[in-house]
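For reference, the structure discussed in these notes is given below.
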Amino acid sequence: MNVIRGLIFNLFYSMSVILISVPVVLIGPFIGFRGRTRFFVLWTQSILWYLRIICGIRVRVIGRENIPRQPLVIVSNHQSTWETYALYHLLYPVCTVLKKELTYIPIFGWLLRWSRPIVIDRKKKATALKEILRQGQNRLSDGLSVLIFPEGTRVPPSETRSHMPGGAMLAVKSGVAVLPVVHNAGQHWPAHKLAKIPGEIVVKIGAPVPSEGKSAKQLNAQLEQWLNGEKQILLNNGS
């Protein structure tokens, strides 16, 4: 049954990509960046609605009051495709760090590019880090928070992976705080699997962590400890 739910969801998801692309392509050049991102937010909302109605996947957010008004760096664990949509909606206005291959996908890639992501080549680690720092500072100065998945790839809920320092380095270099976010989406939308498992995705937003007086290494270690600890709590509690 979970596979059937996944098939139906994928059908509606594909239709939504086409439907949202039509107005964006036609009027996108005339409504500016903020207007285009509003379309993107509406699209991500529709995905969450499809998940709830078709797949029985609900979302509960803990710590919403910790989201500040000023732009900052956001770090989140990466388990699923879910967070790439849901966190954009939840933490708007925000831009994400993406591997360049995603922007090559017809229609979907166009939508991504219009959300002003930081596009990197993961095969060139030194260049990728420079781009995160350079483009990240530009996005922060434009009033956008920067969302980074420091694990670098999707990691199963029961596993951990060392965090890359890009997010911490950007925060220290820019003098902004870091907002830690953890979730258990991989328990309901597993990576590389068709099945969608009913239940509740829990998102926990921690208090912003100041970067002042810390090295990037210290900040990265503090954030990694928090994310891994909270991820384990969500895994133990189930949903």
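First residue of the sequence shown? That's 0 in numbering that gives the first Met the number 0, and the numbers climb one at a time after it.
Cβ coordinates follow ideal geometry from the N, Cα and C atoms, glycine included.
Please read these numbers as outputs of a predicted model, since none were measured by experiment.
Cα-Cα, which of Asp120, Glu100, Asp141 is closest to cysteine 94? Asp141
Taking only runs of the alpha helix (DSSP H) that begin and end inside the region 140-195, which ones reach a length of at least 4 residues, in chain order? 165-173
Is the beta carbon of asparagine 65 sitting closer than 8 Å to the one on lysine 230? no
Pick helix, strand or coil for leucine 71, following the three-state DSSP scheme. coil
Would you mind reading off the limits of the alpha helix (DSSP H) that contains leucine 10? 1-54
First through last residue of the beta strand (DSSP E) which encompasses glutamate 199: 198-204
Which two residues bound the contiguous alpha helix (DSSP H) that contains threonine 83? 81-89
Would you call methionine 0 buried or exposed, if buried means 16 or more other Cβ atoms sit within 10 Å of its Cβ? exposed
Helix, strand or coil for lysine 99? Go by DSSP, reduced to three states. helix
Taking C-beta to C-beta, are arginine 4 and lysine 192 nearer than 8 Å? no
How far does the alpha helix (DSSP H) with isoleucine 232 in it reach, from first residue to last? 215-236
Three-state secondary structure assigned by DSSP to isoleucine 119: strand
Per-residue DSSP class, three states only, for isoleucine 131: helix
Just reading off the alpha helix (DSSP H) that arginine 63 is part of, what are its end residues? Careful: arginine 63 lies outside any alpha helix (DSSP H) and carries neither H nor E.
Quick one: is the Cβ of aspartate 141 within less than 7 Å of any heavy atom of the ligand FMN? Looking for the ligand FMN in the displayed structure turns up nothing, as the structure carries no ligands at all.
From proline 67 to proline 179, what does the alpha carbon distance come to, in whole angstroms? 12 Å
From Ala206, Gly205, Trp188, pick the residue whose C-alpha is nearest to that of glutamate 199; which is it? Trp188
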